[in-house]
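Following full-length UniProt numbering, the numbering of the sequence shown begins with 1 at its first residue and continues without gaps.
The structure appears right after this line, and notes come after that.
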Amino acid sequence: MELPKLNFQETFDFKFKKDKDKFFIYDLIRKTYLLLTPEEWVRQHWVHYYLTVKAYSRSAIITEKKILLNGLTKRIDLLVTEKTEPIILIECKAPQIKLTEKTFEQTARYNSIIGAKEIILTNGLQHINAYYENGQYQFYKPE
């Protein structure tokens, strides 16, 4: 399987397996192999980033949490917490998906339920970072 090189300075040690003609990637949070989709490839980079580079504990990272938004059940891709408080909401898209104002608004709507201080919208190649302050999002470039 040909996977794109994503925009991370670090390289991570992923575990893969193949079953028939499908590829799977090991999720350190859920402790199981998941179908390797383009979006999962992006999400697993962020999981490894927060576990290895930022040294968060596994219990501080939540994947695919269900939320209720306008009566509809949605799933957030990744949530980083500190003492159970939501800190960073990460919305992952496949690398070929363009990040637009519309996809950012989707992430902001999810965050209206979650209440994280920061959101990251990413397709693995491009990352859009924003802090929520004084009722609005302030975009920034991470160092």
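Glycine included, C-beta positions come from ideal geometry on N, C-alpha and C.
The structure presented is a predicted model; accordingly, all values stated were derived computationally and were not measured.
Going straight from the alpha carbon of residue i to that of residue j, what length do you get?
i: ASN129; j: PRO142; result: 7 Å
i: GLU113; j: TYR137; result: According to the sequence shown, residue 113 is Ile rather than Glu. Rounded to the nearest angstrom, the two C-alpha atoms are 15 Å apart.
i: ARG109; j: LYS17; result: 35 Å
i: LYS31; j: TYR56; result: 16 Å
i: ARG75; j: TYR140; result: 25 Å
i: PHE104; j: ASP77; result: 14 Å
i: GLY71; j: ASN7; result: 35 Å
i: GLY135; j: GLU85; result: 19 Å
Closest by CA to residue i, which one among the options?
i: PRO38; options: GLY135, THR100, ASN123, ASN134; result: ASN123
i: PHE12; options: VAL53, ILE97, LYS22; result: VAL53
i: GLU133; options: GLU82, LEU6, ASN111; result: ASN111
i: LYS98; options: GLN126, HIS48, GLU2, ARG58; result: GLN126
i: PRO4; options: LYS20, TYR26, LEU36, GLU85; result: LEU36
i: LYS102; options: GLN96, LEU121, ARG58, PRO86; result: LEU121
i: residue 194; options: LYS22, LYS117, LEU69, GLN96; result: No statement about residue 194 is possible, as the shown extent of the chain runs from 1 to 143 and does not include it.
i: HIS45; options: VAL80, THR100, PHE14, GLU2; result: PHE14
i: GLN106; options: VAL80, LEU69, GLY135, PRO95; result: LEU69
Could you give the first and the last residue of the continuous alpha helix (DSSP H) run that contains residue i?
i: PRO86; result: That residue, PRO86, is in no alpha helix (DSSP H); its beta strand (DSSP E) goes 85-92.
i: ARG75; result: First-last for ARG75: 72-82, but that is the beta strand (DSSP E), not the alpha helix (DSSP H).
In three-state DSSP terms, what is residue i?
i: ASN111; result: helix
> Is the stretch 88-106 close to the stretch 62-73, with three or more CB pairs under 8 Å?
Replying inline: No, they do not touch.
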